[in-house]
DNA sequence: TTCTGCAATAGAGAAACCATATCGCTTTGC
DNA sequence: GCAAAGCGATATGGTTTCTCTATTGCAGAA
């Protein structure tokens, strides 16, 4: 039954019998009959078929929620038992918004120092993707904005609040300023994150609140691209102060605080809400709480 | 794996391999090897053994929490799929504190009128037992006091607030009173619920708040016993108004409101907190919410 | 000590599982 | 239109897993 639910999850993710089977290390006929048995046991059709995968039925959609819960808990059970054998060990998968990547490193480094047997995978993702990955059991925790997110379904630990700064070449006209307003940036050649990133939407909102429209002549989903463009001289970008200092250091770039951007959006650790948490995850939450207090 | 977890749950409940096996409709060797395989898969010993069942190990204790969650969700999945086949049908098991039994009937009757294919089992239990049964998947919902209970782990719908009344024979010295104080009862021959009942603890507290000690010369865990004793003439008891009227009707017993007992403890429906609720349970919560509004 | 109740183990038959091979249908490309 | 390719269902057989009966081993009680 649990194996069948795993098959169902894989199928709903891959949307393709062959690939789903492959992802589980079984053959397509096995998955095909497995799903059929699951449907028989539940007495409902879960997947629409007509010589192709045709999406989930409404019942399948509902079942998917339960399947995720059940399979997720089963994995957490195994992990917790492994913990009681081997102590804190295993693999933590984090999905992180680009502007929080340095904090992810800080968090992971601190954690690793205490629990050297835990391996990390840190993926850069936008905030919507982060929550999808948590739902799909593809990541264990994330670093993302804590505002306007479906709280109640996740545990959160606030790490810091973003403050925005301008990054530009040292010979740029704005580089000498002690402070600058959002409205003064509209004349510059702006590099900004792509609109699927929440950071970009926040920056957009800040521009509009200052009465001007943000025009990004250059967009990327990578902050490295933004800063390397700025380093070519003609461009400017807006980044959270922390990340700006990290990326600009050693390149002689200027960093100018932006006025009225002081107590920005909260960023922190998010993890699926569970009662109780798995030991590794609990340790991560503790680590984050400690990091936030420094 | 799921089957193994069921075995584990049954064993932890029955504390005996043979009985646990019987309760699952399998033989003792099957359960024995099943549990061994579960332990092998998890790599941990879950049960202490030495030619006898010797209780759970600490790991087993932790695993039990997850097992309950997983098995419970699997059952809920099956039930929800059955719902999408057959509409609202099945079996609801309620555990109810004795003083709320009339409300349980009211709730079940209303629900049954709307959803005639749902069968009910209503058990009278004390409030501690109710929460144990919810945890152990032995009941689907309960009616109990909502104060000082582990909220957050349960969904609740308040139904009413208890007000306390004195029940006595019509020729009893107190029967003619329009109202009475707690302190005036200490001279009477009191029948009260047993101390494991939360209602009794509330009554005790009310007595003590009035400056006197409650002395129950007769205790029972059944309100029927209390009232039938009162009907013999020499005794009095304290019951919530609703139940007092129900049990005393037709017996010529007197019911006297007790002063200062006005907005008493909240009583309502409690159900395991789940996201989302199963359709039958959701319908029950809706029914309770409606009943509360009348 | 013997007896009794409990859980583990052995062994055999049944059931479930999973892979290879293949079919039927749909879509795609020419 | 037709051939080719992609996709999922089905058939079949070998292997594993499951679960039963029968039995053994062990500890506490008489």
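Residue numbers (this note's numbering), protein chains in the order written: chain A, 5 to 298; chain B, 5 to 298. Yeah, the Cβ is synthetic: ideal placement off N, Cα and C, and Gly gets one too. This one's a predicted model, so the numbers in the text were calculated from it and none came from an experiment.
In three-state terms, what does DSSP make of residue i?
i                      : result
residue 58 of chain A  : strand
residue 48 of chain B  : coil
residue 198 of chain B : coil
residue 99 of chain B  : strand
residue 180 of chain B : coil
residue 283 of chain A : helix
residue 162 of chain B : strand
residue 150 of chain B : coil
residue 2 of chain B   : It is not possible to answer for residue 2 of chain B, since the shown part of chain B is limited to 5 through 298.
residue 120 of chain B : coil
residue 33 of chain A  : helix
residue 190 of chain B : coil
residue 4 of chain A   : Here chain A has residues from 5 to 298 only, and residue 4 of chain A is not among them.
residue 93 of chain B  : coil
residue 110 of chain A : helix
residue 157 of chain B : coil
residue 19 of chain A  : coil
residue 5 of chain B   : coil
residue 1 of chain B   : Look at the range of chain B in this structure, 5 to 298, and you will see that residue 1 of chain B is not part of it.
residue 253 of chain B : coil
residue 175 of chain B : coil
residue 4 of chain B   : Nothing can be reported for residue 4 of chain B, as the shown portion of chain B is limited to 5 through 298.
residue 278 of chain B : coil
residue 139 of chain B : helix
Since I believe residue j is in contact with residue i (beta carbons under 8 Å), could you give me their beta-carbon distance rounded to a whole number of angstroms?
i                      : j                      : result
residue 274 of chain B : residue 145 of chain B : 7 Å
residue 106 of chain B : residue 288 of chain B : Not confirmed; about 17 Å, so no contact.
residue 124 of chain A : residue 96 of chain A  : 5 Å
residue 270 of chain B : residue 161 of chain B : In fact, because the Cβ distance is near 10 Å, the residues do not count as touching under 8 Å.
residue 46 of chain A  : residue 82 of chain B  : 6 Å
residue 171 of chain B : residue 241 of chain B : 5 Å
residue 278 of chain A : residue 77 of chain B  : That pair is no contact at about 12 Å.
residue 227 of chain A : residue 251 of chain A : 6 Å
residue 261 of chain A : residue 188 of chain A : So it is not a contact: roughly 13 Å between Cβ atoms.
residue 94 of chain A  : residue 234 of chain A : The Cβ separation is near 39 Å, so there is no contact.
residue 141 of chain A : residue 75 of chain A  : 7 Å
Please name the residue or residues paired with residue i in a DSSP beta bridge.
i                      : result
residue 243 of chain A : A:169
residue 204 of chain A : Partner(s): none; residue 204 of chain A has no beta bridge.
residue 261 of chain A : A:169
residue 126 of chain B : B:98
residue 145 of chain B : B:98
residue 79 of chain B  : For residue 79 of chain B, which the question treats as bridged, DSSP gives no partner whatsoever.
residue 53 of chain A  : A:57
_Every unbroken beta strand (DSSP E) within the stretch 213-237 of chain B, with a cutoff of 3 residues, ordered by chain_ = 220-224
*Could you run through the stretch 86-98 of chain A and flag, in chain order, every residue whose CB is less than 7 Å away from some CB of chain B?*
86, 88 and 89
*Mind checking the stretch 135-164 of chain A against chain B and listing, in chain order, the residues whose C-beta falls within less than 8 Å of any C-beta there?*
157
*Mind listing which residues of the stretch 33-49 of chain B have their C-beta closer than 7 Å to chain A's C-betas, in chain order?*
46, 47 and 48
*When you check each C-beta in the stretch 70-87 of chain B against every C-beta of chain A, which residues fall closer than 8 Å?*
70, 71, 73, 74, 77, 78, 80, 81, 82, 84, 85 and 86
*Can you give me, in chain order, the residues of the stretch 244-260 of chain B that have a beta carbon less than 7 Å from any beta carbon in chain A?*
none
*Just by C-beta distance, which residues in the stretch 276-289 of chain A are closer than 8 Å to chain B?*
279 and 280
*Select from the stretch 6-26 of chain B all residues with a C-beta closer than 9 Å to any C-beta belonging to chain A, and list them in chain order.*
Residues 6, 7 and 9.
*Return the residues of the stretch 53-66 of chain A that lie within a Cβ-Cβ distance of less than 7 Å from chain B, sorted by chain order.*
63 and 66
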